[in-house]
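**Student:** To start, I am sharing the structure in question, which I have written as structure tokens.
In the numbering used here, the protein residues as written are 13 to 392.
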């Protein structure tokens, strides 16, 4: 069935303004709770059964809609997040606004990803208008910590992904509205080295330099990292020692690592796991601060092909590509679940004061999602 969401434009603008003006930066559980309560009310009114999964930064939201198919046949997983990046108070300087072109909307989180949460709402509103149910059960997971790497949300997504036949991510699309069918993996790692302090002039032989040890450990990791574009290596911060005349007793570095394929990922993480002291008296500790696995692109991704076919029926040309950034769909893609991301509305400026989105695109994404939820793959 071909859906048209244009008549929902006013509702889209009202709902988007409400969500954008309810600021919800990561790590602000009281504010995130306000957004969650709003989303819960909206999705419940559209037939969802709502549950919550408590985390360090408040509750993650899980919304479930029954489908025409049996639950044992598997469910469709929708992945979103309620947290944003810009600090509290940003709306005072840059409130939600519809611009003169009647398409562009601006405000913190309008693009990443409150516009997406509204598009999902509108898709289920379209189904209700037509008296339709999804062809399979649907689960929507809205985590509250995606912008800081989903340290707890990852657990929730993994649990809800079990038994899923498809995963749709609602992060912003690639430029021009293209879907993401692959993402680089990412890891943030800290290397801590403990050495032995000594006077650098009188008793240097009695000491073990934590800084020298750290330099050699970083060099070992760098040497094991495949060359770009397979992987990338960045020393984000480095610190250690106390004075120039003291052999450093402690040193620390934080590394940012990205990998395009599971093979490159294994090489990088394997090198980190294999680190061992090269100096007597040195201790080396490696801590993985955050991690998202590589989701390697499949050019023949059948889920993407199905969505592209449905988009064509709506008059849209839906391209695909690989994202250089990581997101929650890294997990479902790496697990082998058919996955597509970038189903949010088109726009630009995520995480910045210039953040903007297209209402026309939001309405088109809602219509596309409604079509996907009701159209079996074999008829695409």
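Cβ atoms here follow ideal geometry from the backbone N, Cα and C, with glycine treated the same way.
Quick caveat: nothing in here was measured; it's all calculated off a predicted structure.
1. Taking all protein chains shown into account, do 16 or more other C-beta atoms lie within 10 angstroms of the C-beta of residue 247, making it buried, or fewer, making it exposed?
2. Which value, in whole angstroms, describes the spacing of the CA atoms of residue 44 and residue 36?
3. Judging by CA-CA distance, which residue of 351, 303 and 238 is the nearest neighbour of residue 310?
4. Whole angstroms are fine: how far does the CA of residue 144 sit from the CA of residue 395?
5. For the beta strand (DSSP E) containing residue 91, name the first residue and the last one.
6. Excluding the five sequence neighbours on either side, which residues of its own chain have a C-beta within less than 7 Å of the C-beta of residue 376, listed in chain order?
7. Between residue 207 and residue 260, is the Cβ-Cβ spacing less than 9 Å?
8. Answer with buried or exposed for residue 257, where buried requires no fewer than 16 other C-beta atoms within 10 angstroms of its C-beta.
9. Leaving aside the five residues before and after residue 88 along the sequence, list all residues of the same chain whose C-beta is less than 6 Å from its C-beta, in chain order.
10. To the nearest angstrom, how far is it from the Cα of residue 200 to the Cα of residue 302?
11. Report back the beta-carbon spacing between residue 131 and residue 356 to the nearest angstrom; my notes put them in contact at under 8 Å.
12. How should residue 304 be labelled, buried or exposed, when 16 other C-beta atoms within 10 angstroms of its C-beta is the threshold for buried?
13. Please confirm whether residue 51 and residue 379 have their CB atoms less than 9 Å apart.
14. Is DSSP giving residue 18 helix, strand or coil here?
15. Rounding to the nearest angstrom, what Cα-Cα distance links residue 219 and residue 225 in this structure?
16. Please state the DSSP three-state secondary structure of residue 60.
17. Hey, would you say residue 268 sits closer than 9 Å to residue 123, going by beta carbons?
18. From residue 333 to residue 182, what does the alpha carbon distance come to, in whole angstroms?
19. Does DSSP put residue 295 in a helix, a strand or coil?
20. Here's a check: name, in chain order, each residue in its chain whose Cβ is nearer than 8 Å to the Cβ of residue 418, leaving out the five neighbours to either side.
**Tutor:** Looking at the atomic coordinates:
1. As a first step, residue 247 must be located in the chain shown, where it is residue number 235. Label assigned to residue 247: exposed.
2. In the chain shown, residue 44 corresponds to position 32, counting from 1. In the chain shown, residue 36 corresponds to position 24, counting from 1. So the alpha carbons of these two residues sit roughly 5 Å apart.
3. Stepping through the chain shown from its first residue, residue 310 is reached at position 298. It is 351 whose Cα lies nearest to the Cα of residue 310.
4. Since the displayed the chain opens at 13 and closes at 392, residue 395 lies outside it and no answer follows.
5. As a working note, residue 91 is residue 79 in the chain shown. Element bounds for residue 91: 87 to 93.
6. As a working mapping, residue 376 is identified with position 364 in the chain shown. Excluding positions up to five away in sequence, the list reads 326 and 328.
7. One-based indexing of the chain shown puts residue 207 at position 195. One-based indexing of the chain shown puts residue 260 at position 248. Against a cut-off of 9 Å, the Cβ pair of residue 260 and residue 207 comes out as a contact.
8. As a position in the chain shown, residue 257 is number 245, starting the count at 1. Exposed, by the Cβ-count rule.
9. Position 76 of the chain shown, counting from 1, holds the residue named residue 88. So the qualifying residues of the chain are 148, 150 and 178.
10. The residue labelled residue 200 in the question sits at position 188 within the chain shown. The residue labelled residue 302 in the question sits at position 290 within the chain shown. About 5 Å.
11. Numbered from its first residue, the chain shown carries residue 131 at position 119. Numbered from its first residue, the chain shown carries residue 356 at position 344. Going by Cβ atoms, the distance from residue 131 to residue 356 rounds to 7 Å, so yes, they are a contact pair.
12. If you number the chain shown from 1, residue 304 lands on position 292. With 16 or more Cβ atoms within 10 Å of its Cβ, residue 304 is classed as buried.
13. Taking the chain shown and counting its residues from 1, the one referred to as residue 51 is at position 39. Taking the chain shown and counting its residues from 1, the one referred to as residue 379 is at position 367. No, the pair does not count as a contact, with Cβ atoms beyond the cut-off.
14. Looking up residue 18 in the chain shown gives position 6. DSSP places residue 18 in helix when its eight states are reduced to three.
15. Here residue 219 is taken as the residue at index 207 of the chain shown, counted from 1. Here residue 225 is taken as the residue at index 213 of the chain shown, counted from 1. The straight-line gap from Cα to Cα measures roughly 12 Å.
16. Working through the chain shown from its first residue, we reach residue 60 at position 48. Residue 60: coil per DSSP, three-state reduction.
17. Along the chain shown, one-based indexing puts residue 268 at 256. Along the chain shown, one-based indexing puts residue 123 at 111. Not a contact, by the Cβ cut-off of 9 Å.
18. In the chain shown, counting from the first residue as 1, residue 333 sits at position 321. In the chain shown, counting from the first residue as 1, residue 182 sits at position 170. Approximately 15 Å, taken between the alpha carbons.
19. Position 283 of the chain shown holds residue 295. Residue 295: strand per DSSP, three-state reduction.
20. Only positions 13 to 392 of the chain appear in this structure, which leaves residue 418 out of reach.
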